[in-house]
Structure formats: structure tokens, C-alpha cells
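Comments concern the structure below.
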Amino acid sequence: MPTTLVKSDMVPITHGRAQSSTIGVILLAAVFLILATTLGATLVNETTPDDEMLLSTKIDADGTDLRVSHLGGDALPNDELTAVVRAEGNATRLAFAPPDGRFGPGDERTFPDALVANATNEVRLVHEPSGEEIARASLRPTPEPAAEPGAVEGTVVGSGASSLVASGAAFGLRRSVAPVSGATVAVEGVGRVAETTTAAGGAYRIEGIEPGTYELSVSAAGFASASKSVTVRSNETTTADVTLDPLAPAEFAVRIDDVDARVDAGDPVVVNATVENVGDEQGTQRVELSAAGAVVDGEEITLAGGERRRVSLAWQTLPADAGEVELAVASEDDTATTTVEVLDAETDAVAYVDRDGDGSADETFTAAELAFLNGLDGRFVVFEDAEVVGSVGVRADRVVVEEGVTLSATAIELVGTDGVSLGDGSTLDASSDRFVGASAGDVTVRSEGDVDARGVGVTTAARALFGVSAGDIDVSAAGDVDVREGAFDATGRSWFGFADGTIRIASDGGTVAATGAAFDPEPTIESDDE
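Residue numbers (my numbering): 19 to 548.
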């Protein structure tokens, strides 16, 4: 790298005088001696004329960078100095900076890439106020030789399950590892990204990388991504082995955020909860709300690894729920619980209708009001035992009698367009028990959908001394009919004259399931699978 030194030993810079600088120096020295002799004392910093300065400089090159060094002498303001570079017919003026500073002994100014490589650069250092040239140099820089590229290589392995191993008298856990083929390995630096994939044994190699520091990242299906910093040196191979941890499977954690601590019976309870996938992989689970152990609401949600979501689940309370009730929000992996107090509402309601399908009661009915119902829109639910004076005839989109509830009337007809559900242990009772002349009513259950009556009890039996007539039982649907484990009684019993009713279980287009059911008398079963 050629370097030219131009040194002006105390080069004078004149400001507006016609006489030569040499004469000026001699005169100044003489004046100084006379004053010193006459007065006996002087201030040195007041003896140098303002219009004349002396300094020594060096101009050289560092590659294509121009460097100007102050070797000694006076300090000059930056805004009075300019470096002028001429090369290949072009001239460039380079100002010293910052302008409010000074260029003094020991200072150095570097102008990056100010020189043209492989060309003659005529450089002049100029004092702007006087226009005088302080120093001159002729430089012909050559660029630094390009560094030879290097390479990065290594092996990518994936960690697996831990196993217990013995080492002498001690035991420890050792995690198994296996090579990962097809992993993506990327080396990324300023303006450069190189990428490859691992071979069958987990090995990789990336060549032609300029020397420097890079970020090496590795990703593979089923594993968490990993990264590390690597330094590449000229004409050398850097080894960077990487171990990938397996992705944690989806795991849904549940937290209850808020819920009313006390509610009136008949009012809905809304539970707000946060569900978070604390695993790495995406998953789908159903999150359910239970009240006193029974599932009352639920929602299926899909979460990416680390994602969380707020869900709102509701429970419609009923008068029978009065008391302290434990609520639980559960995923497949976690359960959060809380307790609410359901206050006993002063009501004689035994049934309600949910018209908009939100699970809450839009209108409630007493046992006496059941005798006057007919067509209803929505879901009709009997949730308390009801003894009706008269007959009950209800038609709704769906009819439900909850588990363990008994509905008694002189005759019962339940018609659900979309379906009928009679809970396990519930009873439909249209029987009659008198001393003389007992005549039971009929029980009819019909649906254009399915009828679920598993474990239900239905009776139209009649008991009297004489004059007995039992009612008929008719359970039919366009879909499936399930009466398994049920008990159906349509018998008439008396000392003098009696008549049994009939039992008909029918499916028009579906199947009838009657395993374990008890019938008296024997039923007529009609189904599509006969």
C-alpha cells in the first residue's frame, strides 16, 4: 500500500501581509527580545501574530481511505481547512468536521473511501481564508486483497426421551438424541443469507461464506427452532453442531377469570375463562362448563402453541338448584373450579320455555298452567315434579323432561318436532287408583326427530274394586326410539272386570332400542329394521 509523506517543517501561513514570512519571523523575534529586555516580563501567548501560523502535516492512504495527520505546530479551526482530491479528471472537496472544533497537534482526520483505487490521486490540504496550500501528496492506493471465504459445517441432532442410566453407584438421567435429516440450516449476516438442508445423518456444510459473524438458525418439523452465533474466518471451516428440542404437545391450561358469586334461581350464570395452549404445537380441544358435576355448556376451540383465548360459558339455573353449587371449567388437560350460591327464588314454576336457544328461561310455568299449554316455539323443559289437575298437551320444537322428574296428569301428550328427551329416572304418570270405577288416561310421546326415553317410567295403569280401564301408551318417532331400561305399565286391576291398555313403540324410518325394558302388557314394536 503506497504511502506518501509530505511534511512541511513549520510551514508559515500568511494572512494579508506582503513581506515574506522569513522576514516576519526575524522581526517578531527581535521585537520579543527588546520587549523582554526592556520590560523584564512578557506573556508568550501574546507574542505570536494572528496572521501567521506554523504547522507540520502528513497525508497518506489506508486503502482507499484518506488520512491527514497533524504532526506539530499551530492548531487551526476545522472550518478553515479543506482537503481537495483530484483523480481521473474529477475533483472532490472534503471539509474537516465538526466545524466548531480545531485541528491541532496529534489530531488525525480520516475520510473513508475518498480515494480512487488503482489511480493517481493528487491531494492538497488548503487553508481556506488565505487560499494557501499547506501540504500536497500524490497517492495511488490499491484495494485490500479480498479475503478468502470460509465454510460452516456441523451436525443437527434432535433430543428425545430421558432414560435412567447407572454410573458407578449413582444414577442419572440421559436424554437420547438422534440425527435430524431434512432440517433447514440458514446462515444469515449483513446482506447475505446462505441455506441448506441436513443429510440423512444430520450433517450439513455451507461454503463460500465471507469472513465475519453470522446468525446460524436451524428448523425442522416436530422440533423447536434453534439459533446461535458463529464466526467465519478466511479459508477456515467453522464447526457448529446444533441440538433441537422436541416441540411440546398441545396442552390447554384453564383459568376462571370472573363469575357472579350469588345469583337468583332461574337466572343464568355466565363464567368467563381464559384457555391457553402452553405447549408448542397447535391443538383442538373441547372446553366444558359443569355445574354440580353435570356438563351444561361447552365450546370447541383451536389454539396455536402459546396462544390464549377468552371463552364465555353459561349455566341456566332453576329453582331446584338453590344452594351452593360448584362450577368447573375443564379442558382435556386442566380444570378450574369456583363456587356460586344460587338463592332460592320464591316461585312455583315447574317448567319453562327457551325460545331463542340461549339456554335461559324466557317464560316459566306453574303446574296449574301446564293444563292450558298447547303450541310453543322453542325448547320446553319440565324441571320440577308437577301434579296437574287435568290433562297436559304440549307441542314444541323440542320437549324435555329432566332426570328424576315426575309429570302426573289425567292424560299426557308430549310432541316435539325436533325431538323428545325423557331423562333417566323421569316418570310420566296418567294412572288412576280409585275404589270404584278407575279409568286411566293415555300417554302419547311423538316426534318428527328422535325420542330418547332410556330409563323412563311410563304408567297408565288403573286400580279399583271394579270398573277398571287402563290407558294406552304410544311412543313413536320418525327417527330412532330408545326405551332401553325403561318400565311401561298399562295394566288394569280389579276384582270385577278390568281392561288393560295397549303399549305401542314405533319408529317410522329409524330403529327401536328396547333392551332391558319392562312392558306390561306385551307391547307392539314397529321399526324400520324389522
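Every residue, glycine too, gets a C-beta built ideally from N, C-alpha and C.
- Around the Cβ of Trp-513, a 10 Å sphere holds fewer than 16 other Cβ atoms; the residue is exposed.
- DSSP places Asp-372 within a strand segment (E or B) once states are collapsed to three.
- Distances from the CA of Gly-443 to each of Phe-516, Val-260, Phe-506 and Val-314 were compared; the closest alpha carbon is that of Phe-506.
- According to the DSSP assignment, Leu-388 belongs to the alpha helix (DSSP H) that extends over 385–388.
- Between Val-406 and Leu-432, the CB-CB gap reaches or exceeds 8 Å.
- Secondary structure remark: continuous beta strand (DSSP E) runs of at least 3 residues inside the region 242–293, in chain order: 244–250, 255–257, 260–262, 270–276 and 280–282.
- Taking Thr-173 as the centre and dropping the five residues before and after it, the same chain places the C-beta of Gly-220, Ala-221 and Asp-259 closer than 6 Å to its C-beta, in chain order.
- In the three-state DSSP reduction, Ala-338 falls in the helix class (H, G or I).
- Taking C-beta separations shorter than 7 Å and ignoring five residues to either side along the sequence, Asp-376 has no partners in its chain.
- By the C-beta criterion, the region 493–511 is judged to be in contact with the region 520–527, since at least 3 inter-stretch pairs fall below 8 Å.
- Gly-341 and Ala-309 have their alpha carbons spaced roughly 12 Å apart.
- Within a 10 Å sphere around the beta-carbon of Gly-408 sit fewer than 16 other beta-carbons, which makes this residue exposed.
- Residue pairing from DSSP places Pro-95 in a beta bridge opposite Arg-120.
- Here Gly-178 has Ser-194 as same chain residues with Cβ atoms under 6 Å from its own Cβ, once five neighbours each way along the sequence are excluded.
- Taking the C-beta atoms as reference points, Arg-397 is found no nearer than 8 Å to Val-419.
- Within its own chain, the residues whose Cβ lies closer than 7 Å to the Cβ of Ser-252, once the five positions on either side in sequence are excluded, are Ala-165, Glu-166, Gly-168 and Pro-229, listed in chain order.
- In the structure shown, Gln-300 adopts coil according to DSSP, grouped into three states.
- By the beta-carbon neighbour count (other beta carbons within 10 angstroms, threshold 16), Gly-534 is exposed.
- DSSP, read as helix, strand or coil, puts Asp-415 in strand.
- Per DSSP, reduced to three states, the secondary structure at Thr-357 is strand.
- A Cβ-Cβ distance of about 16 Å is found for the pair Ala-105 and Leu-143, leaving them out of contact under the 8 Å criterion.
- Between the alpha carbons of Asp-380 and Trp-333 lies a distance of about 14 Å.
- Taken through DSSP and simplified to helix, strand or coil, Ala-367 comes out as strand.
- The three-state reading of DSSP puts Arg-158 in coil, since its state is none of H, G, I, E or B.
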